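Student: Sharing a structure, written as structure tokens. Questions coming.
Residue numbers (the working numbering): 157 to 385.
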């Protein structure tokens, strides 16, 4: 693990230099331990693909103290002491979050391109998307946007050459080995293959974000008439 500052109020713990479920699981576990420790002066703890960012108030704690706490959390994680922490914080992740998707048509204008990339039909491309259980590696970009992986290599189409200025909320996209759901209308360059009626982010909910790093997600097909759009 490598500890680096990011300004005067953030410390980042970087793990291995690769995107891998095991590396991400370690980041999630260390973040969970730091949250539960309720360290004085810490404002937020954010796990990413392969790191943990700790935001802190420099008037209430300091960089060196947080580095020590992160080192202790990482050592306990490496020693296998995080099972209880992860069980308590991540109990809702024991089974996949099922996400309904209406594939193709106006909801998935790029499904034909993804199918062409795979050398298959639109129906088969959609089915390939539903076959896997995806891991949420991190949230970012906009509130509630979950970066999930890994997509079947056959449908791992690259981002669009020309991003759209407006992507409708609920759009399900693919960008290489990643898949995700746009929680709100925004610009975006991912290949849009469908849309879900679920709301990945709702500020009125007790937990505004539907997904969290470490969750597992499975998509399943629905007809347009089955969703409350």
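Using N, Cα and C, we set each Cβ at its ideal position, and we do this for glycine too. Every value quoted in this text rests on a predicted model; they were computed, and no experiment measured them.
Are the Cβ atoms of residue 323 and residue 375 separated by less than 9 angstroms?
Tutor: It is not a contact, given that the beta carbons lie outside the stated cut-off.
Student: Touching or not, the stretch 166-177 and the stretch 275-289, by the rule of three or more beta carbon pairs under 8 angstroms?
Tutor: With the cut-off at 8 angstroms, the stretch 166-177 and the stretch 275-289 do not touch.
Student: Would you mind giving the Cβ-Cβ distance between residue 199 and residue 212, rounded to the nearest angstrom? I have them listed as a contact below 8 angstroms.
Tutor: Going by Cβ atoms, the distance from residue 199 to residue 212 rounds to 6 angstroms, so yes, they are a contact pair.
Student: Out of 209, 256, 186 and 320, which has the shortest C-alpha to C-alpha gap to residue 385?
Tutor: For residue 385, the nearest C-alpha among the options comes from 256.
Student: Taking the straight line between their C-alpha atoms, what separation do you get for residue 290 and residue 330?
Tutor: Straight-line Cα distance between these residues: approximately 12 angstroms.
Student: Check whether the Cβ atoms of residue 339 and residue 320 sit closer than 9 angstroms, and answer yes or no.
Tutor: Taking 9 angstroms as the Cβ cut-off, residue 339 and residue 320 do not qualify as a contacting pair.
Student: Are the stretch 178-189 and the stretch 342-357 touching, with three or more C-beta to C-beta distances below 8 angstroms?
Tutor: Result no; under three Cβ-Cβ pairs closer than 8 angstroms.
Student: In the DSSP output, what is residue 207 paired with across the bridge?
Tutor: In the DSSP output, where bridge partners are listed per residue, residue 207 has 170.
Student: Using the Cβ count rule (16 or more neighbours within 10 Å means buried), how would you classify residue 366?
Tutor: It counts as buried.
Student: Should residue 336 be labelled buried (16 or more other beta-carbon atoms within 10 Å of its own) or exposed?
Tutor: The residue in question, residue 336, is buried, as its Cβ has 16 or more Cβ neighbours within 10 Å.
Student: Measuring only the C-alpha atoms, how far is residue 197 from residue 293?
Tutor: Looking at the two C-alpha atoms, the distance is approximately 26 angstroms.
Student: DSSP three-state call for residue 286: helix, strand or coil?
Tutor: Looking at residue 286 - three-state DSSP - the assignment turns out to be helix.
Student: Give the C-beta separation of residue 205 and residue 175 to the nearest angstrom, bearing in mind that I take them to be a contact with Cβ-Cβ under 8 angstroms.
Tutor: That belief holds up - the Cβ atoms of residue 205 and residue 175 are roughly 5 angstroms apart, short of 8 angstroms.
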